[in-house]
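Going left to right, the sequence shown walks through residues 353 to 605 as our numbering numbers them. Even for Gly, the Cβ is constructed at its ideal location relative to N, Cα and C. Only a predicted model underlies this, so the values are computations on that prediction, with no experimental measurement involved.
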Amino acid sequence: MAIPLYFEAKCPRCERYGKFQISENSTDNGSVVAEMYHHDEWRTYDFGLFSVVSFCGSCNNFVCACVSVIHDEVKNSTASLENFSDEHRQLKQSKDLIINFDVPALFPPKYFPPLTVDIFDLYNQAEKCYRLQAWDAVGILCRKIIDIKSIHMWNARFPDKKPAQPLFARMKQLLVGDISGTSDDKNAEIRNLLDFDNIDHRLFYDMDNIRANGNDATHGLVAYLADDAESALIYTKNFMELSGKWTSSHRKK
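Rendered as structure tokens:
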């Protein structure tokens, strides 16, 4: 009996990295030919050439995925999945082979009255959108996170004042009032004066990157791609950790 094909990846259900044994795979070789910016250059792939059912040894769940390979009209029309494995029957992800899981739905959040937005739920949505390659949605959700969190931060620092509008004005008054004199101060001028030993200034830096990134996702004419979405997630995760410390310090005052 042949040893099953397998690959290694991060499970979409338990989020652990491990070995996935393939139990079933398609044989019809149906695919969509499209270009993708991958490994620092544009490449043409046969997307979804194979669909597979695999088993996660960490959470004991079956998960489905599709295997896309570098375009080759002659070879790929009749190739079998094992033709793309190595001598150990492993499918290794590379510039020529991509494995995308069918992403399971998010578990519904636990809402309690009053029904208010939870930034951690929004971040989970953003991560899910990233796995689905819905890049623009990632940028928009990350910008919404800082918009909402900045209102909570404003209420903690200025409980008797209405939050400033728009977001950039709120960020300036909330976090860099010591270096931004007037509402006419430009973004670049403020960033040049930031002191990264100051938590307020570090928060402003992260928020400004997320704000600009989210604006590109919402309004930009230039395509918003995977690296833009990844940057948004990195800055937002850092912001959420840092803003949590900031909020805790203000509660103690």
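What do you get for residue i, buried or exposed, if any count of 16 or more other CB atoms within 10 angstroms of its CB means buried?
i, result
"residue 435", "exposed"
"residue 357", "buried"
"residue 498", "buried"
"residue 573", "exposed"
"residue 510", "exposed"
"residue 450", "buried"
"residue 368", "exposed"
"residue 492", "buried"
"residue 598", "buried"
"residue 606", "Residue 606 lies beyond the range of the chain shown here (353 to 605); nothing can be said about it."
"residue 580", "buried"
"residue 464", "exposed"
"residue 481", "buried"
So the alpha helix (DSSP H) residue i belongs to, where does it begin and stop?
i, result
"residue 494", "487-509"
"residue 480", "471-483"
"residue 531", "Careful: residue 531 lies outside any alpha helix (DSSP H) and carries neither H nor E."
"residue 367", "Run containing residue 367: none; DSSP gives neither H nor E here."
"residue 516", "Counting along the chain, residue 516 falls outside any alpha helix (DSSP H), and DSSP gives it neither H nor E."
"residue 570", "551-571"
"residue 541", "539-543"
What is the DSSP secondary structure of residue i, counted as helix, strand or coil?
i, result
"residue 451", "strand"
"residue 586", "helix"
"residue 422", "strand"
"residue 444", "coil"
"residue 358", "strand"
"residue 524", "helix"
"residue 399", "strand"
"residue 598", "helix"
"residue 548", "coil"
"residue 330", "Because residue 330 is not part of the residues shown, which for the chain are 353 to 605, the question remains open."
"residue 459", "coil"
Name the one or two DSSP bridge partners that residue i has.
i, result
"residue 394", "389"
"residue 404", "377 and 417"
"residue 384", "399"
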